[in-house]
Amino acid sequence: MLSDPDADVSIEIRRATHDDYDAVAGFTGEIWPDRGGDYIPRIYHEWLEDEPGQGKKTFLAEVDGEAAGIVQAVMLSPDEAWFQGMRVAADYRRQGVSHRLNEATFAWAREQGATVGRVLIFSWNAASLGAARASGFEPITEFRFAHPEPDPEADGPARVTHNPIAAWRYWTHSDAREHLSGLGLAPGESWAIRELTRADFERLADETAVFAVEGTDGLAGTAYRSRTYDSAIGTDDSSESETTLKTWAEYGVAAWDGIDAARSLVAAIARDGATCGADATRVLIPETARHVTDVPFAGADIAEEPDFVLGIDLTE
């Protein structure tokens, strides 16, 4: 069932604060136990803005003074908003909570100058997909993550340079760009997606890394590293007193023409991941039959499921 915006329940929306942690952890801590649990209780204090005016705002829904839902809105560019972390407590689902939270994020984003808002939803999360469509979101694209293993000795058949202009030029005419509607992972904001620009490639060439594959008939592929980060590794050993961290190198998009370009790009990413000291990589690729099947053919692993990006026109 979908959220009912006309449900007869009194919902108050306000800005979430650090003092709300226990209440938020209480209803998010039981979400997705079969998929490793929700991340919000682990990162809540770092995730939350400390004060207004930081380009993001976290909204809390309350019913009779009890926390019922949460969501965060972030400005990724002057006119692109990103909505993330939508959660509704089990006791208040299908009562209009997500609808009211969405309305609050839309209004805030419009005040910041946003003309479009987007969300990422896992393909297995049917309830969230339905709720998003009910709130006015439309499907934009789908993608999957590839996972080349870091390897300093990886090699491919084609030459790969780090020329940002060449990388951008390939991106502008690639079928991957068309499939992804020009979107890639946003540097500086985890699990967020926005439109890529030439300035992004130029800046990332200085700050992280960009890649341009040179094929026999011209440019044949591109990618960029969006960030590196550490994540805690779960353990079943209760005697472990120290947290074990896993270092990831994340690549905001990868696109290519032909299997030789795919192998060369996968090898370049594997080398770069090793140079970063990463234990693993995560690379956004278009969810097309060609791209998804090229990756294992090129010798890299892929995620078991795709993810969806949906968007809403905020000018209406």
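Per the UniProt record's numbering, residue 1 is the first one in the sequence shown, and the count goes up by one each step. Ideal placement from N, C-alpha and C gives every residue a C-beta, glycine not left out.
Notebook entry, point to check: Taking one C-beta from the stretch 134-143 and one from the stretch 223-232 each time, how about it: are there three or more such pairs within less than 8 Å?
Noted result: no
Margin query: For W248 and T208, which I take to be in contact (beta-carbon distance under 8 Å), what is that distance rounded to the nearest angstrom?
Written below: Translated into positions along the sequence shown, residue 248 becomes position 248. Translated into positions along the sequence shown, residue 208 becomes position 208. Not quite, the Cβ-Cβ distance comes to about 13 Å (not below 8 Å), so this is no contact.
Check: What's the call for E12, buried or exposed, on a 16-neighbour Cβ count within 10 Å?
Finding: Your numbering for residue 12 matches position 12 in the sequence shown. E12 is exposed by the Cβ-count criterion.
Next item on the list: Check whether the stretch 244-262 touches the stretch 179-191, counting contact only when three or more Cβ pairs, one atom from each stretch, lie closer than 8 Å.
Entry: yes
Item checked: G113 versus A199 - alpha carbon distance -> Locating residue 113 in the sequence shown gives position 113, where the first residue counts as 1. Locating residue 199 in the sequence shown gives position 199, where the first residue counts as 1. Cα to Cα, the separation comes out at about 21 Å.
Notebook entry, point to check: Measuring CA to CA, which of A262, L101, L60, D272 is closest to residue 317?
Noted result: Only positions 1 to 316 of the chain appear in the structure, and residue 317 is not among them; the question remains open.
Check: Quick one: is T58 buried, meaning 16 or more other Cβ sit within 10 Å of its Cβ, or exposed?
Finding: Residue 58 sits at position 58 when you count from the first residue of the sequence shown. That one is buried.
Note to self: Contact defined as beta carbons within less than 8 Å: I believe I40 pairs with R87. What is the distance between those atoms, to the nearest angstrom?
What the structure shows: On the sequence shown, position 40 is the one that residue 40 refers to. On the sequence shown, position 87 is the one that residue 87 refers to. With a Cβ gap of about 7 Å, I40 and R87 count as contacting.
Checklist line | Where the alpha helix (DSSP H) containing H291 begins and where it ends | finding: In the sequence shown, the residue the question calls residue 291 occupies position 291. Counting along the chain, the alpha helix (DSSP H) containing H291 begins and ends at 289-297.
Next item on the list: Within 10 angstroms of the Cβ of A296, are there 16 or more other Cβ atoms? Answer buried if so, exposed if not.
Entry: Start at 1 with the first residue of the sequence shown, and residue 296 comes out as number 296. The displayed chain sequence assigns Pro, not Ala, to residue 296. So P296 ends up on the exposed side.
Note to self: Counting beta carbon pairs with one atom in the stretch 45-65 and one in the stretch 15-35, are three or more of them shorter than 8 Å?
What the structure shows: yes
Checklist line | DSSP three-state assignment for S264, whether helix, strand or coil | finding: Mapped onto the sequence shown, residue 264 falls at position 264. Residue state, collapsed to three classes: helix.
Check: DSSP state of P139, grouped into three classes?
Finding: Sequence index remark: in the sequence shown, residue 139 carries index 139 (1-based). Three-state DSSP puts P139 in a strand.
Margin query: Taking its Cβ as the centre, do 16 or more other Cβ atoms sit within 10 Å of V24, making it buried, or is it exposed?
Written below: Taking the first residue of the sequence shown as position 1, residue 24 is located at position 24. V24 should be labelled buried.
Note to self: Strictly by DSSP, which residues pair up with A223?
What the structure shows: To locate residue 223, count along the sequence shown from 1; it is residue 223. In DSSP, A223 forms a bridge with F211, A254.
Next item on the list: Give me the Cβ distance between I193 and V309, rounded to the nearest whole Å; I'm assuming they're in contact under 8 Å.
Entry: One-based indexing of the sequence shown puts residue 193 at position 193. One-based indexing of the sequence shown puts residue 309 at position 309. Right, the Cβ-Cβ distance comes to about 6 Å (below 8 Å), so this counts as a contact.
Note to self: Only counting the same chain, and skipping five residues up and downstream in sequence, which positions put a Cβ closer than 7 Å to that of G182?
What the structure shows: For the purposes of this step, residue 182 is taken as residue 182 along the sequence shown, with counting starting at 1. The residues are E195, L196.
Check: When the Cα of G96 is compared with those of L284, A232, A68, which residue comes out closest?
Finding: Within the sequence shown, residue 96 is the residue found at index 96, counting from 1. Minimum Cα distance to G96 is reached at A68.
Notebook entry, point to check: Can at least three beta-carbon pairs, one atom from the stretch 147-157 and one from the stretch 256-268, be found at a separation below 8 Å?
Noted result: yes
Checklist line | Option nearest I70 by Cα separation, candidates R42, E30, D20, W108 | finding: Counted from its first residue, the sequence shown places residue 70 at position 70. When each option's Cα is compared against that of I70, the closest is D20.
Next item on the list: Between the Cα of A126 and those of V116, D307, L204, spot the shortest distance and give me the residue it belongs to.
Entry: For the purposes of this step, residue 126 is taken as residue 126 along the sequence shown, with counting starting at 1. The candidate whose alpha carbon is nearest that of A126 is D307.
Check: In chain order, what residues of the same chain have a beta carbon less than 8 Å from the beta carbon of S77, not counting five sequence neighbours either side?
Finding: The residue labelled residue 77 in the question sits at position 77 within the sequence shown. So the list reads R194, E195, once near-sequence residues are dropped.
Margin query: Within the continuous beta strand (DSSP E) that includes R42, where are the two ends?
Written below: By one-based count along the sequence shown, residue 42 stands at place 42. Taken as a continuous stretch (DSSP letters only), R42 belongs to no beta strand (DSSP E), being part of the alpha helix (DSSP H) at 40-47.
Check: Where do the N-terminal and C-terminal ends of the beta strand (DSSP E) with E62 fall, by residue?
Finding: Within the sequence shown, numbered from 1, the residue matching residue 62 stands at position 62. Taken as a continuous stretch (DSSP letters only), the beta strand (DSSP E) holding E62 covers 56-63.
Next item on the list: Whole angstroms is fine: what's the gap from G277's alpha carbon to A289's?
Entry: In the sequence shown, residue 277 corresponds to position 277, counting from 1. In the sequence shown, residue 289 corresponds to position 289, counting from 1. Roughly 31 Å between the two C-alpha positions.
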